[in-house]
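Written out as C-alpha cells, the structure reads:
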C-alpha cells in the first residue's frame, strides 16, 4: 500500500496555460518580476503584453524604464493589429504616489486595454485570458479600459492608492 500523497505548497506558478488555450510565456513572468524586484535605474516602470498573432501565447511587447505616464499611455493606446486597427493589450504599471505625512508609496496596477473598435472575437479572447494573467502575475489592483478617458492619470492614481490620493 502506498503512503498518502503529501501536498507541499510552493511559490512557483503551477500552470501558465489559460482555459482559453492561450499560454503565458516565461518572459512575461520574468518581465513582471523585474518590475517588482529590480531597483535603481534598470527597474522597469511598465511592461506591455500582447497575445501572439497565432493566438497561442501572451508575449512581452515592451518593458521600459521610462517613468513618464504619458509615454506609457501613448505606447499602450497606439498598438495596432495586422489590419491597422487599434489592438488590445495588457499592461502592468508601477504607480508611485505621495501620501504627504504617511510618506511615499507605490502600487502595481494591471491594465486591460480593449479599445471600443476591437472586434467581438478579439474582445472575447482578451476577456477570457485577463483574470488568469492577472492571477499568474499576482496583481491586486486591476483596471479595464476601452477608451482614453478610462486611462486618465487621476483614475489610475485613485485606484492605485485605494482612493487615498485624489487630484
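In full-length UniProt numbering, the protein residues as written are 1 to 167. Cβ coordinates follow ideal geometry from the N, Cα and C atoms, glycine included. Please read all numbers here as calculations on a predicted model, not as lab measurements.
By the Cβ criterion, the segment 102-109 is not in contact with the segment 81-88, since fewer than three pairs of Cβ atoms, one from each stretch, lie closer than 8 Å. At a Cβ-Cβ threshold of 9 Å, residue 97 and residue 104 count as neighbours.
Under the rule that a run must span 4 or more residues, the alpha helix (DSSP H) segments found entirely inside the segment 18-49 read 26-37.
Burial state of residue 37 is exposed, judged by a 10 Å Cβ sphere holding fewer than 16 other Cβ atoms. Assigned with DSSP and collapsed to three states, residue 149 falls in helix. DSSP places residue 102 in the helix class (H, G or I) of the three-state scheme. Spatial neighbours of residue 91 in its own chain (CB-CB distance under 8 Å, excluding positions within 5 residues in sequence) are listed in chain order as 46, 47, 48, 49, 72, 76, 110, 111 and 113. Here residue 86 really is in contact with residue 118; their C-beta atoms are around 7 Å apart, less than 8 Å.
Residue pairing of residue 143 in beta bridges, as defined by DSSP: 111. Burial of residue 88 is indicated by the presence of at least 16 other C-beta atoms within 10 angstroms of its C-beta. The shortest C-alpha to C-alpha distance from residue 26 to any of 158, 152, 136 and 95 is the one to 136. Remark: C-beta atoms of residue 143 and residue 159 approach each other more closely than 9 Å.
Around the beta carbon of residue 35, 16 or more other beta carbons sit within 10 angstroms, so the residue counts as buried.
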